[in-house]
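Be aware that the sequence shown starts at 29, since it is given in my numbering, and climbs by one per residue. The C-beta atom is built at its ideal place from N, Cα and C for all residues, glycine as well.
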Amino acid sequence: MNVLLLGSGGREHALAWKIAQSPLVERLWCAPGNAGIAQEAEIVALDPADHAAVIAFCRDNAVDLVVIGPEAPLVAGLADDLSAAGIKAFGPSKLAAQLEGSKSFTKEMCQRASIPTAAFARFTDAEAAKAHVREKGAPIVVKADGLAAGKGVVVAAKVEEAEAAIDRMLGGELGAAGVSLVIEEYLKGEEASFFVLCDGKTALPLASAQDHKRAYDFDFGPNTGGMGAYSPAPAMTAEITARTMDEIVRPTLSAMAEMGCPYKGVLFAGLMITAEGPKLIEYNCRFGDPECQVLMLRLMSDLVPALVATCDGTLDTVSLDWSDAIALTVVMATKGYPGTYRKGSPIGDLYEAMAVEDVEIFHAGTAEQDGKLVAVGGRVLNVCATGKTLAEAQTQAYTAIGEIDWPQGFFRRDIGSRALVRHPGG
Ligand code: AMP
Ligand code: GLY
Numbered sequence: 029m030n031v032l033l034l035g036s037g038g039r040e041h042a043l044a045w046k047i048a049q050s051p052l053v054e055r056l057w058c059a060p061g062n063a064g065i066a067q068e069a070e071i072v073a074l075d076p077a078d079h080a081a082v083i084a085f086c087r088d089n090a091v092d093l094v095v096i097g098p099e100a101p102l103v104a105g106l107a108d109d110l111s112a113a114g115i116k117a118f119g120p121s122k123l124a125a126q127l128e129g130s131k132s133f134t135k136e137m138c139q140r141a142s143i144p145t146a147a148f149a150r151f152t153d154a155e156a157a158k159a160h161v162r163e164k165g166a167p168i169v170v171k172a173d174g175l176a177a178g179k180g181v182v183v184a185a186k187v188e189e190a191e192a193a194i195d196r197m198l199g200g201e202l203g204a205a206g207v208s209l210v211i212e213e214y215l216k217g218e219e220a221s222f223f224v225l226c227d228g229k230t231a232l233p234l235a236s237a238q239d240h241k242r243a244y245d246f247d248f249g250p251n252t253g254g255m256g257a258y259s260p261a262p263a264m265t266a267e268i269t270a271r272t273m274d275e276i277v278r279p280t281l282s283a284m285a286e287m288g289c290p291y292k293g294v295l296f297a298g299l300m301i302t303a304e305g306p307k308l309i310e311y312n313c314r315f316g317d318p319e320c321q322v323l324m325l326r327l328m329s330d331l332v333p334a335l336v337a338t339c340d341g342t343l344d345t346v347s348l349d350w351s352d353a354i355a356l357t358v359v360m361a362t363k364g365y366p367g368t369y370r371k372g373s374p375i376g377d378l379y380e381a382m383a384v385e386d387v388e389i390f391h392a393g394t395a396e397q398d399g400k401l402v403a404v405g406g407r408v409l410n411v412c413a414t415g416k417t418l419a420e421a422q423t424q425a426y427t428a429i430g431e432i433d434w435p436q437g438f439f440r441r442d443i444g445s446r447a448l449v450r451h452p453g454g
């Protein structure tokens, strides 16, 4: 098989690493890729936003499967255009990708299918939104309706904070993403990310992970795309997983099919495990980044047949083996991220870090310049490790980080630590 992977982050490096191991794969290309992905795939200069160019590349190179990593091309309908051209594409249609692209679409789908989620109301008028917040009281959550690259959610501890967020979002700070707002009940509990492959009818659970979204240690600082993760998430017990499949995932698949937009691809459920059970915070229509990195390290089976079965509607014939090991990843980011940061700082001694036992390093914002590795993004490296216990994986990952010479980089020192305190020995 010939496979084209689209994207350039740590998620795509982990996918490229896993896809390249498949005996089914003859050639693997990636666009636009990064310096780490270049070790696994042939890099091609294709813009995923240029659908005609992607289709032409697939035709010229007999591509059998396109794997779409990030959400933007999915929300823009790339999977639809590839399918219409007769090219197999892993990832949901534009209509189905609204599960990530539109918070109000997801909330209405949840209502229709009686899926447990935070109570909500939708507003386009600031005064009405503020009156609602004053009536409900704090804590309360204000969300921009559209895609806002992680900047569209404010968990407000005070009413005034929620009012300020309403003014900023409806005042145009987020452009089109903030034309309408969703105001939600605050859910209390333990968060977990849960991933499921869906072929429109059948849902095949993958695994769970725990993300660390804030920039600095002990959950201080601004929200980011994710500064580290580990898998599995301790909150996702067998019972909670079964309830999530029965109460959230399967009703979603049925509702989406009934609504004329069957969901095909990976469904990423952001969950709050509350005292009453799992509740949906949000859906994403892709693998999480950095959650994908820890999932791929634990997946023992070949990923490619599962991706093909997802496209073909034959997931009922697939089963996947997972390692009992714990996988953990620490993100190294450029100082300044998630705000502004400098590009082009050199990274040294990566090979020494890669030589640490049970360590795998996936690249995000890296490039090769004059034979040297440099940082060109916010999130730059994912230093991952596996271990029999979380403590073991954590030790190996931080040992590897200790080898890396990158003065412009920073990372959190507490990835996995909260779980170690709550589940000692885990
Ligand atoms: P989202 O972009 O929807 O994942 O929201 C970002 C973060 O805000 C989540 O990971 C949660 O930590 C938090 N959050 C979102 N919605 C709620 C809610 N209804 N209750 C409590 N926390 C929330
Ligand atoms: N790490 C969270 C996300 O990929 O959305």
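**Asked** Is it right to say V449 is buried, meaning 16 or more other beta carbons lie within 10 angstroms of its own, or is it exposed?
**Response** exposed
**Asked** Would the beta-carbon of M324 be found less than 7 Å away from any heavy atom of the ligand AMP?
**Response** no
**Message:** For a test of the three-state rule: what should DSSP assign to T145, helix, strand or coil?
**Reply:** strand
**Rounded straight-line distance, which links the Cα of L356 to that of S445** = 11 Å
**Segments of 4+ residues assigned as alpha helix (DSSP H) that fall wholly inside the region 149 to 191** = 154 to 164
**Request:** With hydrogens ignored, establish whether the beta-carbon of I83 is closer than 7 Å to any heavy atom of the ligand AMP.
**Result:** no
**Asked** Near the ligand AMP, which residues have their beta-carbon closer than 7 Å to a heavy atom?
**Response** A146, V169, K171, G178, G180, V181, V183, E212, E213, Y214, L215, E219, K241, N251, G298, M300, I309 and E310
**Asked** Between A422 and the rest of its own chain, which residues show a CB-CB distance below 6 Å, the 5 nearest in sequence each way excluded?
**Response** Per the sequence shown, residue 422 should be read as Gln rather than Ala. The residues are L356 and G444.
**Delimiting residues of the alpha helix (DSSP H) encompassing V91** = From DSSP, V91 is part of no alpha helix (DSSP H); its letter is neither H nor E.
**Request:** With hydrogens ignored, establish whether the beta-carbon of E40 is closer than 7 Å to any heavy atom of the ligand GLY.
**Result:** no
**Request:** Note down the Cα distance separating D247 from D239, rounded to an integer number of angstroms.
**Result:** 11 Å
**Request:** Could you tell me whether the region 325 to 332 touches the region 348 to 367, where touching means 3 or more Cβ pairs closer than 8 Å?
**Result:** yes
**Message:** Please tell me whether, using a cut-off of 7 Å, the distance from the CB of P318 to the nearest non-hydrogen atom of the ligand GLY is below it.
**Reply:** yes
**Item:** Under the three-state DSSP convention, the category E388 falls into
**Value:** strand
**Request:** Output the boundary residues of the alpha helix (DSSP H) element that contains I309.
**Result:** Taken as a continuous stretch (DSSP letters only), I309 belongs to no alpha helix (DSSP H), being part of the beta strand (DSSP E) at G305 to N312.
**Asked** In three-state terms, what does DSSP make of V332?
**Response** helix
**Message:** Below 7 Å, is the gap between the Cβ of D344 and the nearest heavy atom of the ligand GLY?
**Reply:** no
**Prompt:** What does K216 pair with, by DSSP beta-bridge criteria?
**Reply:** DSSP lists no partner for K216.
**Item:** Extent of the continuous alpha helix (DSSP H) run through I301
**Value:** Run containing I301: none in the alpha helix (DSSP H); it sits in the beta strand (DSSP E), K292 to T302.
**Request:** Check the C-beta distance from L33 over to L43 and give it rounded, since I have them as a contact under 8 Å.
**Result:** 6 Å
**Prompt:** In chain order, what residues of the same chain lie with their CB nearer than 7 Å to the CB of K216, ignoring the 5 residues before and after it?
**Reply:** T302
**Message:** Can you look up R450 in the DSSP assignment and give me helix, strand or coil?
**Reply:** helix
**Prompt:** Does the beta-carbon of V379 have 16 or more other beta-carbons within 10 angstroms, so that it is buried, or is it exposed?
**Reply:** It should be pointed out that residue 379 corresponds to Tyr in this sequence rather than to Val. Per the 10 Å Cβ criterion, exposed.
**Request:** Would you kindly work out how many angstroms separate the C-alpha atoms of I168 and V161, rounded to a whole number?
**Result:** 7 Å
**Prompt:** Does the Cβ of E128 have 16 or more other Cβ atoms within 10 Å, making it buried, or fewer, making it exposed?
**Reply:** buried
**Prompt:** Between G256 and the ligand GLY, is the CB less than 7 Å from at least one heavy atom?
**Reply:** no
**Prompt:** Leaving out the 5 sequence neighbours to the left and right, which residues in its chain are closer than 6 Å to V411 when beta-carbon positions are compared?
**Reply:** V358, I389, A425, A428 and I429
**Item:** C-alpha gap between A261 and D88, whole angstroms
**Value:** 43 Å
**Prompt:** Is any heavy atom in the ligand GLY found nearer than 7 Å to the beta carbon of D239?
**Reply:** yes
**Asked** Start and end of the beta strand (DSSP E) containing P279?
**Response** Not the beta strand (DSSP E): P279 falls in the alpha helix (DSSP H), residues R278 to E286.
**Item:** Residue burial classification, K135 (beta-carbon count within 10 angstroms, cutoff 16)
**Value:** buried
**Asked** With DSSP run on the structure shown, which of helix, strand or coil describes R440?
**Response** coil
**Message:** So, does the region 299 to 318 touch the region 148 to 155, judging by three or more C-beta pairs under 8 Å?
**Reply:** no
**Prompt:** DSSP three-state call for F246: helix, strand or coil?
**Reply:** helix
**Asked** Relative to the alpha-carbon of G200, which residue among V183, T152, S221 and P435 has its alpha-carbon at the smallest distance?
**Response** T152
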